[in-house]
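Data first, discussion second: the structure below is written as structure tokens.
Number of protein chains: 2
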Amino acid sequence: MQDQIIDVLKKAQGYISGEEISRPLKISRAAIWKNMQELRKEGYEIVAVPHLGYRLEAVPDKLLPREIQCGLGTRIMGREVVYYDTVTSTMDVAFHLGAQGAKEGTLICAESQSKGRGRMGRSWNSQRAKGIFMSIILRPRFSPSDVAKLTLLSAVAVCEAVKQVSGVSATIKWPNDLLVNNNKLAGILTELHAEMDRVRFVVIGIGLNVNTPLNQLPANATSLKHETQKAVSRVVLLQEILRRLDQWYIELNEKGFPPVIRRWKELSSTLGRRVRIVDQSGEVEGVAVDLDEHGGLLIRRDTGLMVKRMSGDVVQV
Amino acid sequence: MQDQIIDVLKKAQGYISGEEISRPLKISRAAIWKNMQELRKEGYEIVAVPHLGYRLEAVPDKLLPREIQCGLGTRIMGREVVYYDTVTSTMDVAFHLGAQGAKEGTLICAESQSKGRGRMGRSWNSQRAKGIFMSIILRPRFSPSDVAKLTLLSAVAVCEAVKQVSGVSATIKWPNDLLVNNNKLAGILTELHAEMDRVRFVVIGIGLNVNTPLNQLPANATSLKHETQKAVSRVVLLQEILRRLDQWYIELNEKGFPPVIRRWKELSSTLGRRVRIVDQSGEVEGVAVDLDEHGGLLIRRDTGLMVKRMSGDVVQV
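These protein sequence lines map, in sequence, to chains A and B.
Position one of the first sequence corresponds to residue 1 (our numbering), numbered consecutively onward.
Position one of the second sequence corresponds to residue 1001 (our numbering), numbered consecutively onward.
Shown next, in the form of structure tokens:
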């Protein structure tokens, strides 16, 4: 009912009488009043003026499911939204829900995380009301070895959404970072629950510094607000991320990986650069020359030998 | 306290007075009596005779943590035991606990499962008090591509434990079944939670038909009781499985995969046989000639072409 009231208030674009709200929704004016109180508690600023009625002055700066889903228009992503004010990590929740059979495209988002995480067991700065901390459950029908494709796809989607909504041109550092002038704007984390040759589900985690002041971020990090010097609507940005993820995921399923790779190469700052990569097998240095068909990075060492890495820490030297 | 009382009763090997129990444990005889009542509710048969005292007549036919851990002597496996009478699936619990940081070697076992599962989303027959349904959480320090090794290791451990405790010689059908005369005795399921190049944790699931009557099993299945015509203690068998897993896992970490492969080949009925394997990439038929260093099966097709499979459904033709 509150969703419907907000819908009516948004469409009104000005004052609307209690009568005009209550009639189509078939509820009493007392019920309207009670719901208005609830909505105000959530942070909606609703002005009530005698003889004029109600007017929606401002929506809260929160990632509320009803705001995210309003006009979203996706086929898969965010059709279900699970929202937390605070959570240990949206990844933890996603794995729990994924194991219980949550639908593909289920979005878990939070205002803050007490144990936000990055790759390799590292933590991810997740302060309140400043960033986007989200996880998406996917159920691709390919094998575990192809899951790296989703990391690249997600990087493309986030990069495009950031450009569209804020105008900021970020670049993708293989495999999972978005950079602006070599400072980290966002990280993407891909984890999976799998049998030997079958993905049960994948969780894509995205951490994006939206309105975070620089002094609340680690060194070599940046935020959209810092780059543009103005606040960016997190809801609008999250919606655009979901739309781009939706489009690219459908394209991946229909046309395969090549279109994703092509777009990734346009947006990446890694290819053609000299890189040093550290992973469990050790360190390798050389020129990042290409991606292979699984999303692995091909590096030409100074000896001329080509090596491939599926993941690792990259220093662009 | 109940663990300590059972310990004392087991060591007594006959009657022991309330006084003799209560003194070392420093509790009242009334408390002893109360604990005895609780133990009887769990299924322990404790006889009490005036002037003689208490005697342990029988332990319950349940996979109680205190029974499993009594004299276990492992370094990693089963140091923590989580026990359920009924659970959806021990795999589900293991993934939940694994994500929360449960220790390596944590055992989850249950008397029955309402949604016991096998590979590829199939179900696993999990009736009450007849089989062993268990999951073990492991945190190996190798990459996701090496996890198949743990399937083979587990098959070896279970096969050896079955032989030791029941005398039944089962053979291993690649990748994850134990057979007796071509009938299925046990299945092993390996699932993992991983990042791209890092295992967060692995869960090994084992389903073993111990005392299940044939008419409660699917076609082409068998149980130890059917094979030996007598009941097998599930606790003793489970303990031996944990010990063998412990030994082989420590050996894997110290000496690598070759000793596991060698033992697997001795116990397997797949190598040298003509097989047909169906997986997501289609069907392949030929002679199973060898394992590769990751635990993949090498098949020589009739054209002479060698192909490798990491998993799939095998028909030994």
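For each residue, glycine too, the CB sits at the ideal point set by N, CA and C.
Discussion item. Output needed for Val87 (chain A): all residues of its chain with C-beta closer than 7 Å, excluding positions within five of it in sequence on either side, in chain order.
Written reply: Excluding five sequence positions before and after Val87 (chain A), the CB atoms of its chain that fall closer than 7 Å to its own CB belong to Val93, Ala110 and Gln113, given in chain order.
Worksheet item: Is the CB of Phe257 (chain A) under 8 Å away from at least one CB in chain B?
Response: No, Phe257 (chain A) lies away from the interface with chain B (no Cβ there is under 8 Å from its Cβ).
Discussion item. So Val147 (chain A) and Thr190 (chain A) are supposed to be a Cβ contact under 8 Å. How far apart are they, rounded?
Written reply: Contact between Val147 (chain A) and Thr190 (chain A) holds: CB atoms are separated by about 6 Å, below the 8 Å threshold.
Worksheet item: Residues of chain B with CB under 9 Å from Gln280 (chain A), in chain order?
Response: In chain order: Arg1141, Phe1142, Ser1143, Asp1197 and Arg1198.
Worksheet entry | Minimum C-alpha distance to Gly105 (chain A) - residue among A:Leu297, A:Thr212, A:Asp279 and A:Ile241 | Minimum Cα distance to Gly105 (chain A) is reached at A:Ile241.
Discussion item. Mapping the DSSP letters down to three states, classify Thr190 (chain A) as helix, strand or coil.
Written reply: In the structure shown, Thr190 (chain A) falls within a strand segment according to DSSP collapsed to helix, strand and coil.
Worksheet item: According to DSSP, is Tyr44 (chain A) helix, strand or coil?
Response: Annotated three-state conformation of Tyr44 (chain A) is coil, per DSSP.
Discussion item. Closer than 7 Å between beta carbons: that is the criterion. Which residues of the segment 1112-1138 of chain B meet it against chain A?
Written reply: Contact annotation: in the segment 1112-1138 of chain B, residues whose CB is within less than 7 Å of a CB in chain A are Arg1119 and Met1120.
Worksheet item: If we count the other Cβ atoms within 10 Å of its Cβ and call it buried at 16 or more, is Pro1306 (chain B) buried or exposed?
Response: One point to set straight first is that residue 1306 (chain B) is Met, not Pro, in the sequence displayed. By the C-beta density criterion, Met1306 (chain B) is exposed, having fewer than 16 other C-beta atoms within 10 angstroms.
Worksheet item: What is the DSSP secondary structure of Arg29 (chain A), counted as helix, strand or coil?
Response: Arg29 (chain A) falls in the helix class under three-state DSSP.
Worksheet item: Near Ala1186 (chain B), what residues of its chain come up, given a Cβ to Cβ distance below 8 Å and the 5 sequence neighbours on each side ignored?
Response: Around Ala1186 (chain B), the same chain offers Val1158, Val1162, Ala1170, Asp1177, Leu1178, Ile1206, Gly1207, Leu1208 and Asn1209 as residues with beta carbons nearer than 8 Å, after the five sequence neighbours per side are excluded.
Fill in: is_contact[Asp146 (chain A), chain B] using C-beta, thresh 8 Å
No - not a single Cβ of chain B is within 8 Å of the one on Asp146 (chain A).
Discussion item. What does DSSP give as the partner residue(s) for Gly282 (chain A) in the beta ladder?
Written reply: Paired residues: A:Asp279.
Worksheet item: Given 8 Å as the limit, is there contact between the segment 52-62 of chain A and the segment 25-43 of chain A, that is, 3 or more CB pairs closer than that?
Response: Contact holds: three or more Cβ-Cβ distances are below 8 Å.
Worksheet item: Would you call the segment 1059-1079 of chain B and the segment 1233-1249 of chain B in contact, with 3 or more CB pairs under 8 Å?
Response: Contact between the segment 1059-1079 of chain B and the segment 1233-1249 of chain B is present: 3 or more CB-CB pairs across the two stretches fall below 8 Å.
Discussion item. Below 8 Å on C-beta distance, what does Ser1311 (chain B) contact in chain A?
Written reply: Result: Glu195, Met196, Asp197 and Arg198.
Worksheet item: So is Asp331 (chain A) buried or exposed if we call it buried at 16+ other beta carbons inside 10 Å?
Response: Since the first residue of chain A shown is 1 and the last is 317, residue 331 (chain A) is not available in this structure.
Discussion item. Just to make sure I have the definition right: I need the residues of chain B whose C-beta is within less than 8 Å of the C-beta of Thr106 (chain A). Which are they?
Written reply: Residues of chain B with a Cβ closer than 8 Å to the Cβ of Thr106 (chain A) do not exist; the shortest Cβ-Cβ separation is about 17 Å.
Worksheet entry | Contact residues within the segment 1172-1192 of chain B, judged by C-beta distance below 8 Å to chain A | Residues passing the 8 Å Cβ filter: Pro1175, Leu1189, Thr1190, Glu1191 and Leu1192.
Discussion item. Counting C-beta neighbours from all protein chains within 10 Å, is the total for Ala155 (chain A) 16 or more, i.e. buried, or is it exposed?
Written reply: Burial state of Ala155 (chain A) is buried, judged by a 10 Å Cβ sphere holding 16 or more other Cβ atoms.
Worksheet item: For His294 (chain A), which residues in chain B fall below 8 Å Cβ to Cβ?
Response: Within chain B, no C-beta atom comes less than 8 Å from the C-beta of His294 (chain A); the nearest is roughly 10 Å away.
Worksheet item: Using a C-beta cutoff of 8 Å, does Phe1201 (chain B) count as contacting chain A?
Response: Taking a beta-carbon distance threshold of 8 Å, Phe1201 (chain B) does not count as an interface residue toward chain A.
Worksheet item: Can you find a CB in chain A that lies within less than 8 Å of the CB of Thr1151 (chain B)?
Response: Closer than 8 Å to some Cβ of chain A, the Cβ of Thr1151 (chain B) qualifies, so yes.
Worksheet item: Bridge partners of Leu1208 (chain B), per DSSP?
Response: The partner list for Leu1208 (chain B) (beta bridge, DSSP) reads B:Ile1132 and B:Ala1186.
Fill in: Bridge partners - Leu1179 (chain B), DSSP secondary structure assignment
By DSSP's assignment, Leu1179 (chain B) forms a beta bridge with B:Thr1171 and B:Lys1184.
Practice prompt. Please report how far the alpha carbon of Lys11 (chain A) lies from the alpha carbon of Ile21 (chain A), in whole angstroms.
Written response: Answer to the nearest angstrom: the Cα atoms are 11 Å apart.
Worksheet item: For chain A, is any of its Cβ atoms less than 8 Å away from the one on Asp1007 (chain B)?
Response: At a cut-off of 8 Å between beta-carbon atoms, Asp1007 (chain B) makes no contact with chain A.
Discussion item. Below 8 Å on the Cβ atoms is my contact criterion, and I expect Ile1299 (chain B) with Val1287 (chain B) to pass it. Report the Cβ-Cβ distance as a whole number of Å.
Written reply: Right, the Cβ-Cβ distance comes to about 7 Å (below 8 Å), so this counts as a contact.
Item to complete: Determine whether the Cβ of Ala99 (chain A) lies closer than 8 Å to any Cβ atom of chain B.
Response: Residue-level contact check: Ala99 (chain A) touches chain B, since one or more beta carbons of chain B fall below 8 Å from its beta carbon.
Worksheet item: Which full runs of the alpha helix (DSSP H) of 4+ residues lie inside the segment 218-266 of chain A, going along the chain?
Response: Listed in chain order, the complete alpha helix (DSSP H) runs (minimum 4 residues) inside the segment 218-266 of chain A are 224-228 and 234-255.
Practice prompt. Kindly indicate the opening and closing residues of the alpha helix (DSSP H) around Gly98 (chain A).
Written response: Counted as a single uninterrupted DSSP element, the alpha helix (DSSP H) harbouring Gly98 (chain A) occupies residues Thr90 to Ala99.
Discussion item. What would DSSP say about Arg23 (chain A), mapped onto helix, strand or coil?
Written reply: Correct three-state label for Arg23 (chain A): helix.
Worksheet item: Using the C-alpha atoms, what's the distance from Met1001 (chain B) back to Lys1026 (chain B)?
Response: Looking at the two C-alpha atoms, the distance is approximately 10 Å.
Item to complete: Can you give me the start and stop residues for the beta strand (DSSP E) that Ala1102 (chain B) sits inside?
Response: Careful: Ala1102 (chain B) lies outside any beta strand (DSSP E) and carries neither H nor E.
Practice prompt. Kindly indicate which residue of A:Gly295, A:Ser143, A:Glu254 and A:Ser123 has the alpha-carbon position closest to the one of Pro218 (chain A).
Written response: Selected option, being the one with the closest Cα: A:Ser123.
Discussion item. Can you tell me whether Val1315 (chain B) is buried or exposed? The criterion is at least 16 other CB atoms within 10 Å of its CB, across all chains shown.
Written reply: Val1315 (chain B) counts as exposed, since fewer than 16 other beta carbons sit within 10 angstroms of its beta carbon.
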